[in-house]
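Asks: Residue numbers for the sequence shown follow the working numbering, beginning at 64 and rising by one.
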Amino acid sequence: MRHTISVLVENHFGVLARVSGLFSARGYNIDSLCVAETDDPSISRMTLVVRGDDRVLEQIIKQLNKLVDTIEVIDLTQEDHVERELVMVKIGANNKVRGEVVEIANIFRAKVIDIGCDAMTIEATGSQDKVRAFIDMMHPFGIKELVRTGNVAIARSPK
Numbered sequence: 064m065r066h067t068i069s070v071l072v073e074n075h076f077g078v079l080a081r082v083s084g085l086f087s088a089r090g091y092n093i094d095s096l097c098v099a100e101t102d103d104p105s106i107s108r109m110t111l112v113v114r115g116d117d118r119v120l121e122q123i124i125k126q127l128n129k130l131v132d133t134i135e136v137i138d139l140t141q142e143d144h145v146e147r148e149l150v151m152v153k154i155g156a157n158n159k160v161r162g163e164v165v166e167i168a169n170i171f172r173a174k175v176i177d178i179g180c181d182a183m184t185i186e187a188t189g190s191q192d193k194v195r196a197f198i199d200m201m202h203p204f205g206i207k208e209l210v211r212t213g214n215v216a217i218a219r220s221p222k
């Protein structure tokens, strides 16, 4: 099963290495990892996507909580939450296909962020499935370069 885990940590040198080391030492794979400062520069939020059964998840959460720099660990999979991912795709696009590419981008509510003589770069944001579908639509144009953020997630406010 796929799990999205949010971890608040002290924003110190080496914290990311300790977290990733925790996973590699136990043979767990990280499908996605995003890290950035929060509104408080002394705290960072890590959003991890991992696969495993409930036993594996319980072990991961216990180990994360043992790290000195950990402030809070939340399994967002068990909560109502919103996930998004960003992808930037550079494709081969001459004058003949640019209109078609822009039409597809509009369908996905994506933005053209750079245009060159023989290429253009498009940015799309959405669920993992939407990003995957967008990438699939760009393949026929020839993907020259692709970069993805991985998932970021936040719990929804109570209704």
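Backbone N, C-alpha and C define an ideal beta-carbon position, used for all residues, glycine too. Bear in mind the structure is a predicted one, so any value in this text is a computation, not a measurement.
Applying the criterion that 16 or more other CB atoms from any shown protein chain within 10 Å of the CB defines a buried residue, is E135 buried or exposed?
Replies: Result: exposed.
Asks: Given this structure, state the Cα-to-Cα distance separating F171 from V131, to the nearest angstrom.
Replies: F171 and V131: Cα-Cα distance of roughly 42 Å.
Asks: So, using beta-carbon positions, are V160 and L209 closer together than 8 Å?
Replies: Not closer than 8 Å, so no.
Asks: Leaving aside the five residues before and after D143 along the sequence, list all residues of the same chain whose C-beta is less than 8 Å from its C-beta, in chain order.
Replies: Excluding positions up to five away in sequence, the list reads A218 and R219.
Asks: Per DSSP, L111 forms a beta bridge with which residues?
Replies: In DSSP, L111 forms a bridge with I68 and L96.
Asks: Which first and last residues belong to the alpha helix (DSSP H) in which L226 is found?
Replies: As displayed, the chain neither begins before 64 nor continues past 222, which places residue 226 out of reach and without an answer.
Asks: Express the C-alpha separation of N158 and S107 in angstroms, rounding to a whole number.
Replies: Roughly 43 Å between the two C-alpha positions.
Asks: Out of curiosity, what's the CA-to-CA distance linking S83 and H202?
Replies: Cα to Cα, the separation comes out at about 32 Å.
Asks: My guess is that A182 and G213 are in contact by the Cβ rule of under 8 Å, so how many angstroms apart are they, rounded?
Replies: 24 Å between Cβ atoms; not a contact.
Asks: With a threshold of 7 Å, establish whether the CB of R172 neighbours any heavy atom of the ligand GTP.
Replies: This structure simply doesn't include the ligand GTP, nor any ligand for that matter.
Asks: Does the distance from the CB of C97 to the CB of V194 come in under 8 Å?
Replies: Going by C-beta atoms, C97 is not nearer than 8 Å to V194.
Asks: What do you get for V113, buried or exposed, if any count of 16 or more other CB atoms within 10 angstroms of its CB means buried?
Replies: Buried: at least 16 other Cβ atoms inside 10 Å.
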